[in-house]
Ligand SMILES: [Zn+2]
């Protein structure tokens with residue numbers, strides 16, 4: 592199945608495709624191994640910082656080698672903040688890209704997003720372009736209080752009318768609304784919950800697949816309900832970052848003399864894979 596067909600299939604079945612951010616080869620294998628083990632499609636996401644760290648084209652080559660072996664993996668350029676950086680990944684052959692102009696004034700946001708859509712489709716008609724409308728915080732980290740300006744109340748969430756206006760004006764393929772989700776996750780205590788009625792209203796009105804950002808820490812039942820109501824893709828990043836960091840710290844403390852990275856990174860990789868597997872089971876109704 593192509594990327595588009597995979598997304599359409601998820602929507603039809605009321606399940607969601609897991610999108611996992613990686614920063615290193617351990618993260619790459621954690622996602623690939625989990626996908627193979629459970630035989631479900633996955634999306635590897637790399638932000639501007641993550642792909643600068645790993646190499647824009649190098650990640651593409653790694654993903655292509657897995658595709659050639661039949662692994663159902665797609666590559667997404669996560670939050671991309673300028674036309675130039677969108678052009679870079681379109682030219683490199685990524686499967687999708689998120690143009691994020693959420694902080695720009697509305698008219699400017701529409702203009703830059705449309706410019707990215709037009710360029711991308713002229714190079715690769717199969718590429719999918721995603722954009723976000725409504726502010727959901729900007730950093731995948733562990734926070735003590737909800738980031739300033741992140742939408743939480745009904746009146747701050749993306750409305751179905753605004754969503755339709757934005758999708759029609761820009762021609763995007765995938766839409767990421769603010770429906771209570773926030774990037775990153777709370778250190779302790781409850782995370783924000785998803786306004787399912789708003790998800791359904793936006794999905795019905797825009798008729799494009801929706802993407803849930805800031806999935807880390809959201810209650811399981813919200814994910815399941817969101818997937819049944821139009822969220823075709825769910826992003827998990829912070830949970831992986833935390834799992835890797837915690838496992839690595841523990842291993843190094845317990846084995847201060849170990850110098851072989853492939854040995855002391857083993858538990859870190861396995862901890863990430865455990866998170867990916869758990870999330871994929873939930874999103875795909877395998878739990
Ligand atoms: Zn995001």
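Numbering (my numbering), first residue to last: 592 to 878. Heads up, the beta-carbon is just placed ideally off N, CA and C, and yes, glycines get one too. Predicted model only: the values in this text are computed from it and were never measured.
Closest residue to residue i among the options (Cα-Cα distance)
| i | options | result |
| --- | --- | --- |
| residue 644 | 618, 721, 784 and 833 | 618 |
| residue 703 | 599, 762 and 650 | 762 |
| residue 687 | 640, 708, 699 and 797 | 708 |
| residue 648 | 749, 712, 638 and 685 | 685 |
| residue 682 | 715, 670, 860 and 764 | 715 |
| residue 663 | 597, 875, 639 and 638 | 597 |
| residue 696 | 813, 593 and 757 | 757 |
| residue 676 | 655, 638 and 658 | 638 |
| residue 814 | 876, 632, 764 and 666 | 876 |
| residue 832 | 860, 809 and 847 | 860 |
| residue 852 | 794, 792, 616 and 635 | 616 |
| residue 660 | 627, 636, 650 and 713 | 627 |
| residue 678 | 656, 713, 845 and 764 | 713 |
| residue 725 | 614, 658, 793 and 764 | 793 |
Sequence-distant residues of the same chain with beta carbon closer than 6 Å to residue i, five excluded per side
| i | result |
| --- | --- |
| residue 819 | 605 |
| residue 867 | 611, 621, 622 and 625 |
| residue 633 | 609, 622, 626 and 664 |
| residue 760 | 701 |
| residue 636 | 610, 612, 667 and 669 |
For residue i, the three-state DSSP class (helix, strand or coil)
| i | result |
| --- | --- |
| residue 717 | coil |
| residue 671 | strand |
| residue 703 | helix |
| residue 609 | strand |
| residue 575 | Summary: the structure shown does not reach residue 575, with the chain confined to residues 592 through 878, and so no result is reported for it. |
| residue 654 | helix |
| residue 629 | helix |
| residue 693 | coil |
| residue 614 | coil |
| residue 634 | strand |
| residue 802 | strand |
| residue 688 | strand |
| residue 664 | strand |
Own chain, CB closer than 7 Å to residue i, minus 5 neighbours either side, in chain order
| i | result |
| --- | --- |
| residue 849 | 855 |
| residue 790 | 770, 801, 817, 820, 821 and 822 |
| residue 653 | 619 |
| residue 755 | 796 and 797 |
| residue 624 | 864 |
| residue 601 | 607, 608 and 823 |
Short CB-CB distance (under 7 Å) between residue i and chain D
| i | result |
| --- | --- |
| residue 807 | The structure shown contains no chain D; it is built from a single protein chain. |
Spatial neighbours of residue i in its chain, beta-carbon cut-off 8 Å, leaving aside the 5 residues before and after
| i | result |
| --- | --- |
| residue 858 | 838, 839, 841 and 842 |
| residue 804 | 723, 727, 767, 772, 774 and 826 |
| residue 786 | 745, 748, 770 and 771 |
| residue 692 | 672, 699, 700, 703, 704 and 722 |
| residue 594 | 665, 686, 687, 717 and 719 |
Whole runs of the alpha helix (DSSP H) within the stretch 811-876, excluding any shorter than 4 residues:
811-819, 829-845, 852-855 and 857-874
For the stretch 747-773, which segments carrying the beta strand (DSSP E) assignment without a break, of at least 3 residues, lie completely within its bounds, in sequence order?
765-768
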